[in-house]
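Peer 1:
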Amino acid sequence: MKLAVIGSGYVGLVTGTCLARFGNTVVCVDSDQRRVEALTRGEVPFYEPGLSDMMKRNAVEGRLSFSSDTRASLNGSDMCFITVGTPSAPDGSADLSYIEAASREIGRFLKNNDYNRKLLVVVKSTVPVGTNERVRQWIAEEGGQEGAFETASNPEFLREGAAVRDFVEPDRVVIGTASQEAALRMGELYSFTEPQRLLFMDIRSAEMAKYASNAMLATRISFMNEMASICERVGADVECVRQAMSLDTRIGSKFLYAGCGYGGSCFPKDVRAIRDFAAAAGYDARILTAVDEVNESQKEVLFGKVAERFGTRLDGLNAAVWGLAFKPKTSDVREAPSLTLIRRLLDAGAHVRAHDPRAADEVRSALGQHDGLVYVSDPYDALADADALVVVTEWDVYRQPDFDRVKRLMRTPVIVDGRNIYSPAEMERLGFDHMPIGRSVKKVQ
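If you use this note's numbering, the sequence shown corresponds to residues 150 to 594, in order.
1. In the DSSP assignment, what residue or residues form a beta bridge with Val-539?
2. Would Ile-324 pass as a contact of Ser-274 if the rule is Cβ separation under 8 angstroms?
3. Run through DSSP, which three-state label would Gly-521 get?
4. What does a CB cutoff of less than 8 angstroms around Phe-306 pick up in its chain, not counting 5 residues either side in sequence?
5. Determine the direct distance from the alpha carbon of Glu-343 to that of Arg-493, and round the result to whole angstroms.
6. Out of Asp-553, Glu-543 and Lys-478, which has the shortest C-alpha to C-alpha gap to Val-565?
7. Report the CB separation of Leu-532 from Val-512 in whole angstroms; it is logged as a contact under 8 angstroms.
8. Exposed or buried, Gln-294, counting other C-beta atoms within 10 Å across all chains shown (16 or more means buried)?
9. Please work out which residues of its chain come closer than 8 angstroms, Cβ to Cβ, to Glu-457, disregarding the five sequence neighbours upstream and downstream, and give them in chain order.
10. What residue does the alpha helix (DSSP H) around Phe-552 start on, and which one ends it?
11. Can you list, in chain order, the residues of its chain with a C-beta nearer than 6 angstroms to that of Asp-420? Leave out the 5 residues immediately preceding and following it.
12. For Ile-324, list the residues DSSP reports as bridge partners.
13. Return the CA-CA distance between Gln-594 and Val-313, expressed in angstroms with no decimal places.
14. Do you know offhand how far Lys-454's Cα is from Ala-537's?
15. Return the Cβ separation of Gly-587 and Cys-380 in integer angstroms, given the expectation that the two are a contact with Cβ distance under 8 angstroms.
16. Using only alpha-carbon positions, find the residue among Ala-428, Leu-473 and Phe-459 that is nearest to Lys-448.
17. Need the endpoints of the alpha helix (DSSP H) that Asp-315 sits in, please.
18. What is the DSSP secondary structure of Leu-237, reduced to helix, strand or coil?
19. If we count Cβ pairs, one from each stretch, closer than 8 angstroms, do we get three or more for the segment 468–485 versus the segment 500–518?
20. What are the boundary residues of the beta strand (DSSP E) that includes Met-228?
21. Candidates Gln-329, Leu-348 and Lys-418: which alpha carbon is nearest Glu-445's?
22. Report, in whole angstroms, the separation of the C-beta atoms of Phe-475 and Gly-401, which I expect to be a contact under 8 angstroms.
23. Count the other CB atoms within 10 Å of the CB of Val-541; is the residue buried (16 or more) or exposed (fewer)?
24. Check for me: the beta strand (DSSP E) holding Ser-340 runs from which residue to which?
25. What are the boundary residues of the beta strand (DSSP E) that Glu-299 is part of?
26. For Arg-285, I'd like the list of residues in its chain whose CB is within less than 7 angstroms of its CB, leaving aside the five on either flank, ordered along the chain.
27. For the candidate residues Val-160, Gly-165 and Tyr-159, whose alpha-carbon lies nearest to that of Ala-153?
28. DSSP three-state call for Thr-368: helix, strand or coil?
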């Protein structure tokens, strides 16, 4: 098939690259000419394992190209994927302005072109329930005739750090359609997937499925962080609690780890968006409100532990921060706990030396230049004369450091373990003042 993908950000680039891998001819479209030029040179604007090599190979073999001309890219296409961003508006709702702009551009194209088959417009962006109906309306308002196109919902379920694998070997592919013809065409496109993993449903249910999935995962994270807060106050160990819970087959082990809160481009905005469109439908999503509130307060826990040890005024304190991305294997720092921590440390007068294998440039862009903030290329360089080391992201490189060297470099051997990657008993044996999330070093008598 010939495919156009409107939006060459994270979802669009992964989608276009992976579909090209299976022999389709794909044009990824973006309104940012500089991004188009960079992609044409083979430069991926973010880190995602395996994506860069696959993108370059598809481009060299002629299946993948990049353009800023939407209408030219749509010419002759069998399908058009809308993969533009839907960021949170100030009130927490999903901002659909990019979806509208893409839809109207498609409508203008259809108005001025004769088509011998329907253009299938597939909304892959995460959008509130009912958005496909608005997409059809926007296309029609620009001149797209009813018989010239139809729409489908095909929400993405890509995990940052494993997106290529998730697309090529998906747990499920959700397809929302209103016609048998659209369902057949989508089935042909996803013929590389095991048939039992293709879930066909109505469009509104498909739109809702993405939000419900992310909301459930976010809920499990906030639930365990709340359990960790309770464990700290009653003298229990959240890791022991987690192990006991995870062996219950009704609960399982996934997304049950306490930490310093979730971030990224999906969970925060999707929890707020579903809460917003639920309210618009007359329902108060109380659980999701609590999920968001718990997560925002959890991002403050790391600074709280530093302040508990050193006081709320930190003038002259040297803080080392390991991990800036919101999770390992990505360079994404959107709503990352590291941003909250670093801002609070700087406001309190501390000096910060930060390390991340991939995300230093992104944090530099998000926070700007600060006299008290330095980025280092080696994790041990962050530790020179440090009064505290705060582990924010559980990159593998931080899991088994040379603790003797860590202790020698630090001025005060304090480790705030925001992801519980170190054993409290081992840290105590090595002489560190270890401050994990919801854990205890008490022994069974």
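Note that beta-carbon positions come from the ideal geometry of N, C-alpha and C, so glycine has one too. These figures come from a predicted structure and were not determined experimentally.
Peer 2: In brief:
1. Val-470 and Val-565
2. no
3. coil
4. Asp-315, Pro-319, Asp-320, Arg-321, Val-323, Lys-359 and Ser-362
5. 48 angstroms
6. Glu-543
7. In fact, because the Cβ distance is near 18 angstroms, the residues do not count as touching under 8 angstroms.
8. exposed
9. Met-584
10. 552–558
11. As written in the sequence, residue 420 is Val, which differs from the Asp given in the question. Only Ala-364, Ala-367, Leu-437, Val-440 and Asp-441 meet the Cβ criterion.
12. Phe-349
13. Low confidence applies to Gln-594: its pLDDT is 41, below 50, so where it sits in the model is not reliable, and the reading given next is rough at best. About 48 angstroms.
14. 10 angstroms
15. 4 angstroms
16. Leu-473
17. 312–317
18. Correcting the residue identity first, residue 237 is Ser in this sequence and not Leu. Ser-237: strand per DSSP, three-state reduction.
19. yes
20. 228–231
21. Lys-418
22. With 8 angstroms as the limit, Phe-475 and Gly-401 do not qualify as a contact, their Cβ atoms being about 23 angstroms apart.
23. buried
24. Taken as a continuous stretch (DSSP letters only), Ser-340 belongs to no beta strand (DSSP E), as it is neither H nor E.
25. 298–302
26. Thr-300
27. Gly-165
28. helix
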